[in-house]
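Chains as they are written, first to last, in my numbering: chain W, 1 to 565; chain V, 566 to 1130. For glycine and all other residues, C-beta sits at the position ideal for the given N, C-alpha and C. Report on the following structure.
2 protein chains.
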Amino acid sequence: MRQSTYLVPTMRDVPADAEAISHQLMLRAGMMRQLASGVYAYLPLAKKAMTKIEAIIREELDGIGAQELTLPALHPAELWQESGRWEDMGDELIRLKDRHNRDFALGATHEEVITTIIKDGITSYKKLPLNVYQIQTKFRDERRPRFGLLRGREFIMKDAYSFHDSEESLHETYWAMHEAYSRIFSRVGLTFRPVIADSGTMGGKDTHEFMALASVGEDTIAYSDGSDYAANLEMASSLAPEPPQSQEYGLLEKKATPDAKTVNDAAAALGVDPDHILKALVVFVDGEGSLLLLRGNDELNEVKALHELGAKEMRMATEEEVVDLFGATPGSIGPVNVNNVPIYADHRIHGMETIACGANETGYHYVHVGPGKDYQATAYKDLRTVKEGDPSPDGQGTLQFAEGIEVGQVFKLGRKYSESLQAKYLDQNGKAQTFLMGCYGIGISRTIAAVIEQHHDENGIVWPVSIAPFLVHLLALNVKNEEQQALAEAIYTDLKQAGIDVLFDDRGERAGVKFKDADLIGLPVRIAVGKRAGEGIVEVKVRKTGEQLELSKEDLVQWVKEFAN
Amino acid sequence: MRQSTYLVPTMRDVPADAEAISHQLMLRAGMMRQLASGVYAYLPLAKKAMTKIEAIIREELDGIGAQELTLPALHPAELWQESGRWEDMGDELIRLKDRHNRDFALGATHEEVITTIIKDGITSYKKLPLNVYQIQTKFRDERRPRFGLLRGREFIMKDAYSFHDSEESLHETYWAMHEAYSRIFSRVGLTFRPVIADSGTMGGKDTHEFMALASVGEDTIAYSDGSDYAANLEMASSLAPEPPQSQEYGLLEKKATPDAKTVNDAAAALGVDPDHILKALVVFVDGEGSLLLLRGNDELNEVKALHELGAKEMRMATEEEVVDLFGATPGSIGPVNVNNVPIYADHRIHGMETIACGANETGYHYVHVGPGKDYQATAYKDLRTVKEGDPSPDGQGTLQFAEGIEVGQVFKLGRKYSESLQAKYLDQNGKAQTFLMGCYGIGISRTIAAVIEQHHDENGIVWPVSIAPFLVHLLALNVKNEEQQALAEAIYTDLKQAGIDVLFDDRGERAGVKFKDADLIGLPVRIAVGKRAGEGIVEVKVRKTGEQLELSKEDLVQWVKEFAN
């Protein structure tokens, strides 16, 4: 492709609101333009990279027997009302009325639609399992679109849905997709982790998010430096400490801690390390008053707590409710002599030898409290938010934190949608059964941005070979020099004939501008035709390593082919 | 692909509202499902055919230097307001509000959006010409969606837009696209004509529609049986007859024709052929009262008349206006002694020797009227709707009519959008100039339907090889027979390894069901593994010709490869 008439409007300055480096670089490299907040046009360079990502996705998914289809973007409201998400999605779901005043949603995701199609199309267990996917534009009216393609309102996704007649079959497809996703993200050049995630309101059970590690991101992930363990911070666990071998505690003693509202106040008043004070939180778990205990320096992780307690919702007690239940204000609460509510203690308390805690008398704390001696926890649970350096829950290595960009997710949906939309098949015995389902997404536009977040330097993008818009950037350094021009044209022809994707900078710009643009656009191989054109010699530079070498025209094609392999 | 778990829900009965054969066959062959009126899901078979069509389009467009990009579907209302189409498109444009109550349109077409992008991205004539395209979903809220994919509310289009600094450059790209379209439609197997079309409200000049000939269609086209001439009926011309050599007329004579309101009434009253009576229509052309003359059997073609008279609008006069201008009621109007309004006569009147017409006196007609003797036409124009059998306007052959499905259109837009959106570039002299534009569309979903309209028989679809979802349909006739099953599996492996696209009917259905489904789905080659499996012999049938032959497993791959070439 000749750059002189190629739509790649590079920019010097980027809008101030482009925070993420991928957003800045894609604007500067002429890959995208904003049309409205969170709504972008993908210019030819971006489209080419996206096409390569899509080809990789299709290859991997077709390879495990998934079938491509295309579902519509206009969804009759009734489907979303049946599933309950017409309400649940709130403002994020884009709604419209047709000329007959009928309500529609714009496809934010396609569980409802595919379930309806399968409900009418598949009647027998014989056609199961089924795994279908599409690559398509999705619409979500994000409250705060940002980071360019990382969080847009219109974006391109690969979404897949699978249908099963048994948990085993769902499990098998779930892991086949998990592995395919790992291959896909490896092939596009991402450093990523499949992390254990919260199934949240999707109503399913198992779910992994594929997180590309990055310096910008909307999620923090915790991963082990000694194993494959990785989880979203909201789901991450650490190894429970062993209880101490000997448990000899001092005598329970009550001390005045006037004005101590917080753990740190109490620690100062008592002269003990805050981590040796119990943080006692009074909460209502599915409506039942409960006492949660954490070490003073730890924070409650509500998502984990809900999972651990098998509960649907949790809220903090008001001060009145605390006083009502414990006879003291929140700063002075503790587990000693409590028997009107269950006591759930974080598993890190297991490892404590001596301890201080509120005395359930406003302005007083106990010291030398012995877990098991002075109070009995109803159960030990994993309730806290992990910290960097915690031991990994699998016992291998310690936890590290990283920012992550969610580029994919695999999800066991179970029967949430097939039940609400009454999608059934007949089993071997001719009995109607509700489908088991899985769903699986990859954010394609987001993946491009994530790749650029991981692959750039101060001069621009550094494309991985697998998804580079072109493999080679051929520069004619001085188009007015006939010798250089002729050699560049000849090389352009050679490369094209060899099937090599090449962008030919044939513009009448100065060499300096061309080098700068080449670094910015970041194609893997740069071939500059300059002063030694008369000898048929050109300069080759590898964008990633900076390696430079001189090659003759005759050796170029061979070298490029070997480089790409 | 194994049919046992392939999503191809074939049907026996089709909904009564599926009028078009393509619609019926796509439903029956399990290729599509309706989600709402005019909104369809493309199931895997349709998706595969569409992917092949898209590959052909990309190859041809990339071949002439067009660049692929992807523009968003959410369009800020301001863009459509600037172009004036926010009003002009009426209910056809789907509108919505985002969570901040801002107005958006759903992309029905992308002139506004691409013009905005180019306005910001291209500043110099040096980057011209530019030709960009996308393959994408479009949304138009049709008043009456029908014929399945032939007229939907959500459909898949390839749309392209070109930008130029001269008429010559626009003309060159226009014809390059015209030729590329011809290659594309030939390659997908369509019998089609590029027809001269009305530029209508799009505001441009030259335009051709690519019409697939069909028995169902929303447009009638007139084409010559002796040349390449073809036009939409609303734009079709016929050859103007030569004026007669000698013009000897009888004496003008007035005759009573009481109660004659129509040409046929008058013909009966006068005892002459209706085609020898002037049909005189009083109209207002851009507000000016005018008399239009046609032969009695001809019909006014308003679209052509507007073009011929260089006018913007035309309306019929009311009875009062007719009486006011001519002193008689509409049934008795004629050109004799008329000098208060211009007289535009259809060119077919040129060839008339004697003639009757209204006498401008209610209830009276003249006979023996001599054009040129008894009245003088202001001008002879091409005003009538052509008829089958008319001489082709290029003098070669006669006109035939056919129903047509518009599968593509090429259009010289001129400066309509670049002017309204103020899109300018700097020319060689550094002067700001408004872009010249062209736009070019292909209805991809509609093309599939058009192909099926042309390629089917009473048993089902008959896919052209170029876009068949699979090349081969392999049937294991009796999966319980181990010999047959083993041979079918071996052939499946052979074909796949040879890179041949094959659908393997491995279902536990009866042979009769499999044969019926194979005919319905209509893949080019059917290979049935049946009774002679023991000898390694299978039966091959060519869907299109019905040709059958027996081949050994060893010869199959070679035969299929040769067939496909």
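Check                                                                                                                                        : Outcome
The stretch 399-417 of chain W / the stretch 363-376 of chain W touching (three or more Cβ pairs under 8 Å)                                  : no
Inter-residue spacing [alpha-carbon to alpha-carbon] between Ala-160 (chain W) and Leu-1039 (chain V)                                        : 27 Å
Beta carbon of Ile-117 (chain W) nearer than 8 Å to that of Leu-106 (chain W)                                                                : no
Nearest candidate by alpha-carbon position, reference Glu-482 (chain W), set W:Asp-506, W:Gly-408, W:Ala-231                                 : W:Asp-506
Those residues which DSSP pairs with Asp-1070 (chain V) across a bridge                                                                      : V:Leu-1040
Ser-792 (chain V) classed as buried or exposed, judged by whether at least 16 other C-beta atoms fall within 10 angstroms                    : exposed
Against chain V: residues of the stretch 33-52 of chain W by CB proximity under 7 Å                                                          : Arg-33, Leu-35, Ala-36, Val-39, Tyr-40, Ala-41, Tyr-42, Leu-43, Pro-44, Lys-47
Neighbour flag for Val-579 (chain V) against chain W, beta carbons, 8 Å                                                                      : no
Cross-chain neighbours of Ser-22 (chain W) in chain V, by beta carbon under 7 Å                                                              : Within chain V, no residue comes near Ser-22 (chain W); the closest Cβ sits about 17 Å away, beyond 7 Å.
Backbone CA spacing between Pro-907 (chain V) and Thr-919 (chain V) [nearest angstrom]                                                       : 22 Å
Best match in V:Glu-744, V:Asn-829, V:Gln-589, V:Ile-749 for proximity to Ile-1017 (chain V) [C-alpha to C-alpha]                            : V:Gln-589
Residues near Ala-46 (chain W) in its chain [Cβ-Cβ closer than 6 Å; skip 5 each side]                                                        : Met-31, Met-32
Chain W contact residues for Val-678 (chain V), given Cβ-Cβ distances below 8 Å                                                              : Leu-35, Ala-41
Rounded straight-line distance, which links the Cα of Phe-728 (chain V) to that of Val-975 (chain V)                                         : 14 Å
Separation of Asp-863 (chain V) from Leu-843 (chain V), as counted between CA atoms                                                          : 10 Å
Limits of the beta strand (DSSP E) - the one that Val-451 (chain W) falls within                                                             : Element bounds for Val-451 (chain W): not the beta strand (DSSP E) but the alpha helix (DSSP H), 444-454.
Contacts around Lys-684 (chain V), its chain only, beta-carbon distance under 6 Å, and the 5 residues preceding and following it disregarded : Ala-988
Presumed contact (8 Å Cβ cut-off) between Asp-939 (chain V) and Leu-817 (chain V), rounded CB distance                                       : 6 Å
Other residues of its chain near Ala-269 (chain W): CB distance less than 7 Å, five sequence neighbours each side excluded                   : Thr-257, Ala-260
For Glu-154 (chain W), the residue or residues it bridges with in DSSP                                                                       : W:Phe-139
Nearest-angstrom Cα separation, counted from Ala-197 (chain W) out to Pro-393 (chain W)                                                      : 15 Å
Range covered by the beta strand (DSSP E) that runs through Tyr-40 (chain W)                                                                 : 39-42
Simplified DSSP assignment, three categories, for Leu-523 (chain W)                                                                          : coil
Reference Leu-556 (chain W); option with closest CA among W:Glu-547, W:Glu-539, W:Thr-545, W:Lys-544                                         : W:Glu-539
Cβ separation of Ala-73 (chain W) and Glu-719 (chain V), assumed to be a contact under 8 Å, to the nearest whole Å                           : 6 Å
Limits of the unbroken beta strand (DSSP E) element including Met-1109 (chain V)                                                             : The residue asked about is misnamed: residue 1109 (chain V) is Lys in this sequence, not Met. Premise fails: Lys-1109 (chain V) is in no beta strand (DSSP E) and is neither H nor E.
Proximal chain V residues relative to Gly-121 (chain W), where beta-carbon distance stays under 8 Å                                          : Leu-572, Pro-574, Gly-595, Arg-598, Leu-608
contact_flag[the stretch 566-580 of chain V, the stretch 994-1009 of chain V] where n(CB pairs < 8 Å) is 3 or more                           : no
Where the stretch 929-962 of chain V meets chain W: residues whose CB sits under 7 Å from a CB there                                         : none
Three-state class that DSSP yields for Val-272 (chain W) in the structure shown                                                              : coil
Thr-772 (chain V), DSSP secondary structure in three states                                                                                  : strand
Ala-20 (chain W) beta carbon less than 8 Å from that of Leu-150 (chain W)                                                                    : yes
Closer than 8 Å at the beta carbon, the chain V residues around Ser-4 (chain W)                                                              : Lys-691, Lys-692
Unbroken alpha helix (DSSP H) run spanning Leu-874 (chain V), endpoints                                                                      : 867-874
Distance between Thr-680 (chain V) and Gly-1003 (chain V) (C-alpha atoms, nearest Å)                                                         : 11 Å
Any chain V beta carbon closer than 8 Å to Ile-221 (chain W)                                                                                 : no
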